[in-house]
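Heads up: the sequence lines are chains A and B, in that order.
The first sequence begins at 1 in the numbering used here and counts up by one.
The second sequence begins at 1001 in the numbering used here and counts up by one.
Here a beta-carbon is modelled for each residue, glycine too, at the ideal position from N, C-alpha and C.
2 protein chains.
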Amino acid sequence: MSSSELPSRRLAAALRDSINSGALAQGMKLPSERSLSDEHGVARNTAREAVRLLTEEGLVVAIHGKGVFVREKYRLARSPERLTRAARAAEKGAFLGDAETNQFTPTVEVEVRVEEADAETAVILGIDEGNEVLVRERVMSADGHPIQLATSRLPRTLTEGTAIEQADTGPGGSYARLEEAGHVLGHFSETVGARMPTPEEASLLQLTAGTPIIVVRRVAFDREGVVVEVNDMRLSGDRYELAYEFPAD
Amino acid sequence: MSSSELPSRRLAAALRDSINSGALAQGMKLPSERSLSDEHGVARNTAREAVRLLTEEGLVVAIHGKGVFVREKYRLARSPERLTRAARAAEKGAFLGDAETNQFTPTVEVEVRVEEADAETAVILGIDEGNEVLVRERVMSADGHPIQLATSRLPRTLTEGTAIEQADTGPGGSYARLEEAGHVLGHFSETVGARMPTPEEASLLQLTAGTPIIVVRRVAFDREGVVVEVNDMRLSGDRYELAYEFPAD
DNA sequence: AAGTGGTCTAGACCACTAC
DNA sequence: TAGTGGTCTAGACCACTTT
């Protein structure tokens, strides 16, 4: 389309057009930076700048020592019914339900600890600052690729003596244990945003440059409207897609 | 925290720590690239590289001729009740409802045209490829800042002769017109993802580097389960947050 | 060993902002 | 005019991958 005036932009636009037109298909290797700089009569750093622009757009991925490749698109659908009681009765937690509907092999690393509630957490959970909170940090992977980080916080008063304080919460997951303890779930509220990952998140999720993360905060309420859990999730933007369904009135 | 071995990474880590610790608060100006390079004994390009890393993380924003500033966080909440019939009866469309709950002044630019359905659109709308589709492209702004792009597609058979084919669809918006024409809405389905913007999207939404977009595809069904509209929305990632609510069973 | 991307240098000039 | 970020050059060396 539009070829800007600057050499780096012109080169980037040319490469972008080749990709969008299909001349450079997914997975194909771009010319090396040195050959781009030769053929277009610019310094190598200028060719590099052009490639960097495409990298930031998420159009290409550079692999050290190998080359720059047109990015392949992934996507995992996510079921909107992932949190139903029926699914929990079938002994599946939310992530395991995802795995089943999308046919990947799930693995989860868990770290459990007890913290004192900071101001924000206290407000959300409706407890006092400094009260004990059970924190479950998880790294979830699909076929060995980490695709989701999740940090759940629950008032310690709800979890003491239950399997929620164990790494393995048992069939149906934390929500099933909460219901057994008398805290029947009523509804969930989710807020969804997007941002660039911190270096730590990028490394944990093995994200390449130009990949944002989807940030979801899910709040679980029991039937009395009391908050029982806050779950902060960070999802790999190129692998995940959320699905929601709601009535017209 | 961790200071990598490379000069650019070390500088970036130092600046990142200053920001996270609050020593460099939101809106504050970083030292100029030239003074960073002097003080840390690196070439200007190396200092620049450090700043670029922070820019890609969305931590800072560079303004030509002025300096580099710690990014300020925006956020617009979005009501989960934005699509209820009650809201439409109150003569508000979805975006106007957002405006009211979040107290900004909304403006919308609209472009309406008729297209022939491509393969993907045909499948979603349940019509034949090549059939006429009404396309409404909108740029929505809050207080003059563009924050959302939306492209709606409806089967032409549903819109011919209605105000949906006008730039101004009237009170309650397209959905109200559809219901008047006998297509009572049943439910909505939304899929949510995130990616980096194309240069065109970045320019339309006035996005700075390091800002992803939230991509939402909403499909509207009538009470018989027939698809009446597909709406592809692209939201500025640093200004928007979606809210969803759903029952536990 | 050859090829590729990653980082760094030292310097130049341009474009924008402020005074 | 001075200060700032934006782009470009020409070259060097490093780190990783492939043959």
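Within a Cβ cutoff of 7 Å, which residues of the same chain sit near residue 113 of chain A, ignoring the five residues on either side of it in sequence? The residue you call residue 113 of chain A lines up with position 113 of the first sequence. 135, listed in sequence order.
Runs of beta strand (DSSP E) wholly within the region 182-238 of chain A (minimum 3 residues, chain order): Within the region 182-238 of chain A, the complete beta strand (DSSP E) runs of at least 3 residues are 185-195, 213-222 and 227-236.
I want to see whether chain A comes within less than 8 Å of residue 1246 of chain B, judged by CB atoms only; does it? On the second sequence, residue 1246 of chain B is found 246 positions in, with the first residue counted as 1. Yes - at least one Cβ of chain A is within 8 Å of the one on residue 1246 of chain B.
Between residue 214 of chain A and chain B, is the shortest Cβ-Cβ distance under 8 Å, so that the two count as touching? The count along the first sequence starts at 1 and reaches residue 214 of chain A at position 214. Cβ-Cβ to chain B under 8 Å: yes for residue 214 of chain A.
So with Cβ pairs under 8 Å, would you call residue 83 of chain A a contact of chain B? As a position in the first sequence, residue 83 of chain A is number 83, starting the count at 1. Yes, contact with chain B.
Output the residue ranges of the beta strand (DSSP E) runs that lie fully inside the region 58-95 of chain A and measure 3 residues or longer, sorted by chain position. 60-63 and 67-70
Anything in the region 176-195 of chain A with a Cβ closer than 7 Å to a Cβ of chain B? List those residues in chain order, please. Cβ contacts with chain B: 185, 186, 187, 188, 189, 190, 191, 192, 193, 194 and 195.
Under 8 Å between C-beta atoms of residue 22 of chain A and residue 1196 of chain B: Against the first sequence, residue 22 of chain A aligns to sequence position 22. Against the second sequence, residue 1196 of chain B aligns to sequence position 196. Not in contact: residue 22 of chain A and residue 1196 of chain B (Cβ atoms no closer than 8 Å).
For the region 43-72 of chain A, which residues have a CB atom closer than 8 Å to at least one CB atom of chain B, in sequence order? So the close ones are 56, 57 and 58.
Have a look at the DSSP bridge pairing and note the partners of residue 1149 of chain B. As a working note, residue 1149 of chain B is residue 149 in the second sequence. Here residue 1149 of chain B is bridged, per DSSP, to B:1139 and B:1234.
What residues from chain B crowd round residue 241 of chain A, counting only those whose CB sits closer than 8 Å? Counting from one through the first sequence, the residue named residue 241 of chain A turns up at place 241. Those within 8 Å of residue 241 of chain A in chain B are 1191, 1192 and 1193.
Given this structure, state the Cα-to-Cα distance separating residue 1231 of chain B from residue 1150 of chain B, to the nearest angstrom. Indexing the second sequence from 1 puts residue 1231 of chain B at position 231. Indexing the second sequence from 1 puts residue 1150 of chain B at position 150. For residue 1231 of chain B and residue 1150 of chain B, the distance between alpha carbons rounds to 7 Å.
Through-space distance from residue 1044 of chain B to residue 101 of chain A, alpha-carbon basis: Counting from 1 along the first sequence, the entry for residue 101 of chain A is found at position 101. Counting from 1 along the second sequence, the entry for residue 1044 of chain B is found at position 44. The alpha-carbon atoms of residue 101 of chain A and residue 1044 of chain B are separated by roughly 51 Å.
Go to residue 1244 of chain B, then tell me how far its beta strand (DSSP E) extends in each direction, as first and last residue. Residue numbering aside, residue 1244 of chain B sits at position 244 when the second sequence is read from its first letter. For residue 1244 of chain B, the enclosing beta strand (DSSP E) begins and ends at 1242-1247.
Is the beta carbon of residue 1030 of chain B closer than 8 Å to that of residue 1068 of chain B? Position 68 of the second sequence, counted from the start, is the residue given in the question as residue 1068 of chain B. Position 30 of the second sequence, counted from the start, is the residue given in the question as residue 1030 of chain B. Cβ distance < 8 Å, so residue 1068 of chain B and residue 1030 of chain B count as in contact.
By a C-beta neighbour count over all protein chains shown, 10 Å radius and 16 as the cutoff for buried, is residue 3 of chain A buried or exposed? As a first step, residue 3 of chain A must be located in the first sequence, where it is residue number 3. Model confidence at residue 3 of chain A stands at a pLDDT of 46, short of 50, so the residue's coordinates are unreliable; what they give is reported in the following sentence. Residue 3 of chain A is exposed by the Cβ-count criterion.
Considering only the alpha carbon of each residue, which of B:1074, B:1165 and B:1012 lies closest to residue 1027 of chain B? Along the second sequence, read from residue 1 onward, the residue named residue 1027 of chain B stands at position 27. For the residues B:1074, B:1165 and B:1012, the minimum Cα distance to residue 1027 of chain B belongs to B:1074.
I'd like to confirm the pairing. Which residues does DSSP put opposite residue 1007 of chain B in its beta bridges? Translated into the one-based positions of the second sequence, residue 1007 of chain B becomes position 7. Checking the DSSP bridge columns, you'll see residue 1007 of chain B has no partner listed.
Under 8 Å from the C-beta of residue 1209 of chain B: neighbouring residues of chain A: The count along the second sequence starts at 1 and reaches residue 1209 of chain B at position 209. The answer, in chain order, is 56.
Which class does residue 1116 of chain B belong to by DSSP, given the choice of helix, strand or coil? By one-based count along the second sequence, residue 1116 of chain B stands at place 116. Of the three classes helix, strand and coil, the one that applies to residue 1116 of chain B here is strand, per DSSP.
Quick one: residues in its chain with C-beta nearer than 6 Å to the C-beta of residue 110 of chain A, no 5 flanking neighbours on either side, listed in chain order? One-based indexing of the first sequence puts residue 110 of chain A at position 110. Listed in chain order, the non-local C-beta contacts of residue 110 of chain A below 6 Å within the same chain comprise 138 and 167, local neighbours out to five positions each way being set aside.
From the DSSP secondary-structure annotation, give me the bridge partner or partners of residue 1108 of chain B. One-based indexing of the second sequence puts residue 1108 of chain B at position 108. DSSP output for residue 1108 of chain B lists B:1140 as bridge partner(s).
I need the DSSP call for residue 154 of chain A, collapsed to helix, strand or coil. Counted from its first residue, the first sequence places residue 154 of chain A at position 154. In the structure shown, residue 154 of chain A adopts extended strand secondary structure according to DSSP, grouped into three states.
Leaving out five residues before and five after residue 11 of chain A in sequence, what residues of the same chain have Cβ atoms less than 6 Å from its Cβ? What you label residue 11 of chain A is simply residue 11 of the first sequence in a count that begins at 1. The residues are 40 and 50.
For residue 237 of chain A, go through chain B and note every residue whose CB falls closer than 9 Å to its CB, in chain order. If you number the first sequence from 1, residue 237 of chain A lands on position 237. Per Cβ cutoff of 9 Å: 1193, 1194, 1195, 1196 and 1212.
Kindly indicate if chain A contains any beta-carbon less than 8 Å away from that of residue 1098 of chain B. In the second sequence, counting from the first residue as 1, residue 1098 of chain B sits at position 98. Residue contact with chain A for residue 1098 of chain B: absent (no Cβ-Cβ distance below 8 Å to any residue of chain A).
Determine, using beta carbons only, whether residue 249 of chain A comes closer than 8 Å to chain B. Position 249 of the first sequence, counted from the start, is the residue given in the question as residue 249 of chain A. Taking 8 Å as the threshold, the shortest C-beta distance from residue 249 of chain A to chain B falls below it.
I believe residue 228 of chain A touches residue 192 of chain A by the beta-carbon criterion, under 8 Å. Please report the beta-carbon distance rounded to the nearest angstrom. Within the first sequence, the letter at position 228 stands for residue 228 of chain A. Within the first sequence, the letter at position 192 stands for residue 192 of chain A. With a Cβ gap of about 20 Å, residue 228 of chain A and residue 192 of chain A do not count as contacting.
In the DSSP output, what is residue 132 of chain A paired with across the bridge? As a working mapping, residue 132 of chain A is identified with position 132 in the first sequence. In DSSP, residue 132 of chain A forms a bridge with A:116.
Nearest CA to the CA of residue 33 of chain A: which residue from A:64, A:5 and A:56? Taking the first sequence and counting its residues from 1, the one referred to as residue 33 of chain A is at position 33. The option with the nearest alpha carbon to residue 33 of chain A is A:64.
Given 8 Å, three or more beta-carbon pairs between the region 199-216 of chain A and the region 1147-1161 of chain B: no
Would you tell me roughly how many angstroms separate the C-alpha atoms of residue 204 of chain A and residue 213 of chain A, rounded to the nearest one? Sequence index remark: in the first sequence, residue 204 of chain A carries index 204 (1-based). Sequence index remark: in the first sequence, residue 213 of chain A carries index 213 (1-based). About 12 Å.
Selected residue, minimal CA-CA separation from residue 1219 of chain B, among B:1013, B:1131, B:1175 and B:1071: If you number the second sequence from 1, residue 1219 of chain B lands on position 219. The shortest Cα separation from residue 1219 of chain B among B:1013, B:1131, B:1175 and B:1071 belongs to B:1175.
From residue 177 of chain A to residue 157 of chain A, what does the alpha carbon distance come to, in whole angstroms? Taking the first residue of the first sequence as position 1, residue 177 of chain A is located at position 177. Taking the first residue of the first sequence as position 1, residue 157 of chain A is located at position 157. Using only the alpha carbons, I get a separation of about 13 Å.
Which one of A:108, A:132 and A:36 has the shortest CA to CA distance from residue 7 of chain A? Residue numbering aside, residue 7 of chain A sits at position 7 when the first sequence is read from its first letter. It is A:36.
With 8 Å as the threshold, decide whether the Cβ of residue 1003 of chain B is near any Cβ in chain A. Against the second sequence, residue 1003 of chain B aligns to sequence position 3. Because residue 1003 of chain B sits at a pLDDT of 46, beneath the cut-off of 50, its placement in the model cannot be relied upon, and the following sentence gives the value as read from the coordinates. No - not a single Cβ of chain A is within 8 Å of the one on residue 1003 of chain B.
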